[in-house]
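Undergrad:
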Amino acid sequence: MFDSKRRQEMDEWMEREGVNKSALPKKSFEVKVKRPSSACPKTLRINLENCKYDIVRETAERLNFKEIRNETEVWDLYWTDLSVSSERVSKMQPFQYINHFPGMIEICRKAQLAKHLKRLQATAPEDYNFFPASWSVPGEVDEWRREVRRRAASGQPPVTYIVKPDAGAMGRGIYLVQREEDLDVSGAINPEFNGWVIQEYLDAPLLIDALKFDLRIYVLVTSVDPLRIYLLDEGLARFATVEYTVPSPANLQTRNMHLTNYSVNKHADAYVFAESNPNAGSKRRLTAVFAALARQGHDIDALRKRIERLVVKTVLTIEPQLAHTYYMACSRTMGAKDGRRRRVERSSRCFELLGFDVLLDEQLQPWLMEVNHSPSFGTDTPLDAEVKGQAIYDAIKSLGLDVRKRKAFIGQQLKEQKERLYGPARGRPQVPRWRRAPPPPASSSEEEEEEEEEEE
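At the far end of the sequence shown sits residue 556, using the working numbering, and the numbering has no gaps.
1. When the cut-off is 9 Å and only beta carbons count, does Asn351 lie next to chain C?
2. So, with DSSP's three-state summary, where would you put Ile262?
3. I'd like to know whether the C-beta atoms of Tyr301 and Leu276 end up nearer to each other than 9 Å.
4. Any contact between the segment 360-370 and the segment 332-345? By contact I mean 3 or more CB pairs, one from each, below 8 Å.
5. Take Pro232 as the anchor and find which of Val297, Ala508, Glu343 and His398 has the nearest alpha-carbon.
6. Ile155 and Tyr495 - do their beta-carbons sit closer together than 9 Å?
7. Trp296: beta carbon under 8 Å from a heavy atom of the ligand MG?
8. Give me the Cβ distance between Lys413 and Asp227, rounded to the nearest whole Å; I'm assuming they're in contact under 8 Å.
9. State the CB to CB distance for the pair Phe456 and Gln193, rounded to an integer number of angstroms; the pair is presumed to be in contact (CB under 8 Å).
10. Considering Cα atoms alone, identify which of Gln421, Leu521, Glu408 and Ala423 is closest to Leu468.
11. Cutting at 6 Å between CB atoms, please list the residues of its own chain near Arg406, excluding the five before and the five after it.
12. Between Lys383 and Tyr344, which are expected to be in contact by the criterion C-beta below 8 Å, what is the C-beta distance as a whole number of angstroms?
13. Report buried or exposed for Ala214, applying the criterion of at least 16 other Cβ atoms within 10 angstroms of its Cβ.
14. Can you tell me whether Gly255 is buried or exposed, with buried defined as 16 or more other CB within 10 angstroms of its CB?
15. Identify whether Lys166 lies in helix, strand or coil by the three-state DSSP scheme.
16. List, from N- to C-terminal side, the alpha helix (DSSP H) runs of 4 residues or more that fit wholly inside the segment 191-228.
17. Alpha carbon to alpha carbon, what distance is there between Ala491 and Tyr318?
18. Have a look at the DSSP bridge pairing and note the partners of Asn147.
19. Between the beta-carbon of Ala423 and the beta-carbon of Ser186, is there less than 9 Å?
20. So if DSSP puts Cys430 in a beta bridge, which residue, or which two residues, is it bridged to?
21. How should Arg449 be labelled, buried or exposed, when 16 other C-beta atoms within 10 angstroms of its C-beta is the threshold for buried?
22. Measuring CB to CB, does Ile274 end up less than 9 Å from Val263?
23. At 4 residues or longer, and completely inside the segment 454-493: list those alpha helix (DSSP H) runs for me, N to C.
24. Could you spell out where the beta strand (DSSP E) holding Tyr318 opens and where it closes?
25. Considering Cα atoms alone, identify which of Asp325, Leu453 and Ala374 is closest to Thr425.
26. In whole angstroms, give me the CA-to-CA distance for Val321 and Arg250.
27. Based on Cα-Cα distance, which residue from Glu470, Val503, Asn147 and Ile400 lies nearest to His216?
28. Using C-beta distances below 7 Å, list every residue in its chain close to Ala211, excluding the 5 sequence neighbours before and after it, in chain order.
29. Does the segment 475-484 come within contact of the segment 148-167, defined as at least 3 CB pairs closer than 8 Å?
30. From Trp244 to Val372, what does the alpha carbon distance come to, in whole angstroms?
31. Assuming Leu453 and Tyr197 form a contact by the criterion Cβ under 8 Å, report the distance between their Cβ atoms to the nearest whole angstrom.
32. Just to confirm, is the Cβ distance from Arg169 to Leu148 under 9 Å?
33. Once you ignore the five residues that flank Ala310 on each side, which residues in its own chain have a CB closer than 6 Å to its CB?
34. If you drop the 5 nearest sequence neighbours on each side, which residues of the same chain put their C-beta closer than 6 Å to that of Lys218?
35. Out of curiosity, what's the CA-to-CA distance linking Asn472 and Pro238?
36. Measure the alpha-carbon distance for Ala160 versus Asp176 and round it to whole angstroms.
What follows is the structure, given as structure tokens:
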């Protein structure tokens, strides 16, 4: 834009040259100033380069996130299907969030989960009585063999055991045994599995429509120090497709009766996709199942409290380890200006959306089967999309993400970089105020004359 002096000179020149200003286009005296774009856009950014689920992307779009797939781009939220290390978390900026805690995998591997729960069962058996007796293979296979032989020698009826791969998923590699010689963990059945867990099979489950079922409980952990855990109101109930009978040598291989995994049962002819009726189908809402049990006279409030205690006590088995790992990853040692060393906690954030698989027995007691580190967010049905999408939505909304945090951090980084290059910014120099100078000191002769005058 022109200042007033420049405009006055322009007017005088046009008057001397006889230029008719009214004939000129009005915009000839306008100057458009293009303002620079903001360094940080107003949209939150989510990195999904290691996420395979479309429902996560759809939920991010619902929350007005911008998806990025390049690790070099600045992001606010990183959602990954893989576990994260403490080194990965330590590199995060204070405004960034990631959907896993380093160390949470300790309760998401079947052998490690059994180890931690058995340690607490030994000291507090009444508090940790929600997990079936378990043995890890190969470390505790001899102990399991001795238990089987002891029961046989005492004349007790045979017990059914379920054998699971330590890191297996979707029902792969699971089988049932009742005799010691039926155990095969040499790799002949599934060579890709190295570790195994042997677990007592719960042969008296609660049935609905004569079918065995389990519950998928979605659990949100937002902090480990202090520990904050939320159980989401909605979840899923997954049903087997063959009517249940007590395990026997004749039906041990009937996987569609003993296993409730969706991946095992979805191809069965008896699988029912009943989206319109919440009280039917091979997959149902958690709240619909609770409502059905309430109509049968069961105390659902008491059941919910038992499930809550089960979840909290399970996470508590590794809470000290989680808190220590998180603190070390999100803290760093820095030098203060006075030369002292001090520890400053970084404000990077983690959260975790876990899937707890719970089985109810005839007495409506919940039993923990396993904990899923990255529960499946596949959406084969509208029910999956609604329940899982809402779980993801609630988890992200609970973080309170704000794009201003990123903008403030980047602005502070630019300021510090400028100070490193050019030195700290200096204010305007202080101009001393003018003041009356003091009178010059009197000479010796004048002082003598003043003394004589005082004497006179």
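Just so it is clear, CB atoms sit at the ideal spot from N, CA and C, and this is done for glycine as well.
TA: To lay it out plainly:
1. Looking at the structure shown, chain C is missing, and only one protein chain is on hand.
2. strand
3. yes
4. yes
5. Val297
6. With the sequence shown as reference, residue 495 is identified as Ala, and Tyr is not the correct amino acid for it. Cβ distance not < 9 Å, so Ala495 and Ile155 don't count as in contact.
7. The ligand MG is not part of this structure, which contains no ligands at all.
8. 6 Å
9. Contact doesn't hold; Cβ gap of about 31 Å is too wide.
10. Glu408
11. Pro466
12. In fact, because the Cβ distance is near 17 Å, the residues do not count as touching under 8 Å.
13. buried
14. When all chains shown are included, Gly255 counts as exposed.
15. strand
16. 210-223
17. Rounded to the nearest angstrom, the two C-alpha atoms are 7 Å apart.
18. Residue pairing from DSSP places Asn147 in a beta bridge opposite Ile168 and Tyr178.
19. no
20. Looking at the DSSP assignment, Cys430 forms no beta bridge with any residue, so it has no partner.
21. It is buried - the Cβ of Arg449 has at least 16 other Cβ atoms within 10 Å.
22. Closer than 9 Å, so yes.
23. none
24. Leu311 to Val324
25. Asp325
26. One C-alpha to the other measures close to 42 Å.
27. Of the listed residues, the one whose Cα sits closest to His216 is Glu470.
28. Ser236, Asp266, Gly295 and Val297
29. yes
30. Near 38 Å, if we compare the C-alpha coordinates of Val372 and Trp244.
31. Actually they do not touch by this definition, with Cβ atoms about 12 Å apart.
32. Between Arg169 and Leu148, the CB-CB gap stays under 9 Å.
33. Glu343
34. none
35. The straight-line gap from Cα to Cα measures roughly 22 Å.
36. 12 Å
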